[in-house]
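In our numbering, the protein residues as written are 13 to 199.
Quick look at the structure:
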């Protein structure tokens with residue numbers, strides 16, 4: 013289905029489209045080229061047709077995340093824990109690690125977190141729900157939820173319940189229904 017959609021884009025049926033869970037990483041191998049940011053992150057959230065008909069992948073998650081950090085005056089640089097290791101987590105980890113944050117990526121599958129951690133200096137991986145994951149979360153000044161909506165609800169609630177102090181800031185990258193709050197924000 014994805015190759016057919018990209019082929020339709022190449023033939024001018026679409027000018028572009030957005031990509032979300034679970035295809036942000038998988039789509040990269042189907043595209044003709046990636047922008048420098050998308051290449052560095054290894055994930056795409058926007059695909060556009062170039063003037064020459066190429067399917068080009070872009071990542072605007074990182075710049076959007078950076079804009080949110082600036083708008084809410086998040087800083088100074090410190091320790092951050094990112095819950096999740098998919099495409100949105102990759103964008104947040106890249107943005108934070110390239111601006112000096114000490115990044116810990118926690119995932120249910122530690123191998124996925126380790127793949128992300130291996131991509132950039134200053135990023136470490138932990139398994140969510142373990143004592144190491146809890147310790148890192150408790151030491152962080154920023155928590156970023158990059159898990160699919162409600163996917164890590166139990167793990168996040170356990171981390172919040174066991175935390176001796178809340179982080180200075182928490183950001184949720186998941187979408188909620190209009191006017192609603194995600195489980196992460198509600199907790």
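Idealized CB from N, CA, C, for every residue including glycine.
Keep in mind it's a predicted model, so treat the numbers as computed, not measured.
Nearest to residue i (by Cα), restricted to the options the options
i: residue 193; options: 181, 161 and 180; result: 161
i: residue 103; options: 64, 153, 180 and 48; result: 48
i: residue 56; options: 75, 63 and 184; result: 75
i: residue 44; options: 34, 53 and 64; result: 64
i: residue 78; options: 20, 146, 112 and 66; result: 112
i: residue 20; options: 67, 198 and 90; result: 67
i: residue 95; options: 197, 119 and 13; result: 119
i: residue 127; options: 197, 106, 196 and 88; result: 106
i: residue 218; options: 17, 34, 35 and 36; result: Given that the chain is displayed from residue 13 to residue 199, the structure contains no residue 218 and the question cannot be resolved.
Chain-order list of residues whose beta-carbon lies under 6 Å from that of residue i (same chain, five-residue window excluded)
i: residue 29; result: 59
i: residue 70; result: 47, 50 and 58
i: residue 207; result: In the structure displayed, the chain extends from 13 to 199; residue 207 sits before or after that span and is not available.
i: residue 108; result: 92 and 115
i: residue 181; result: 86 and 154
i: residue 73; result: 57, 100 and 103
i: residue 186; result: 161 and 194
CB contact flag (residue i, residue j, <8 Å)
i: residue 97; j: residue 117; result: yes
Close-in-space but distant-in-sequence residues of the same chain around residue i (CB under 7 Å, 5 per side omitted)
i: residue 124; result: 97
i: residue 129; result: 117, 135, 136 and 137
i: residue 62; result: 68
Sequence-distant residues of its chain with Cβ nearer than 8 Å to residue i (five each side left out)
i: residue 122; result: 137, 138 and 139
- [ ] Starting from the N-terminal side, write out each stretch of the alpha helix (DSSP H) that is 4 residues or longer and does not extend beyond the segment 94 to 146.
- [x] For the segment 94 to 146, whole alpha helix (DSSP H) runs of length 4 or above, ordered along the chain, are 99 to 109 and 122 to 131.
TODO: Mind listing, in chain order, the continuous beta strand (DSSP E) runs of no fewer than 3 residues lying wholly within the segment 45 to 98?
DONE: 58 to 61, 67 to 70 and 91 to 95
Open item on the list: When you compare the segment 134 to 150 with the segment 81 to 89, are there three or more beta-carbon pairs, one atom per stretch, that lie closer than 8 Å?
Closed with: No, they do not touch.
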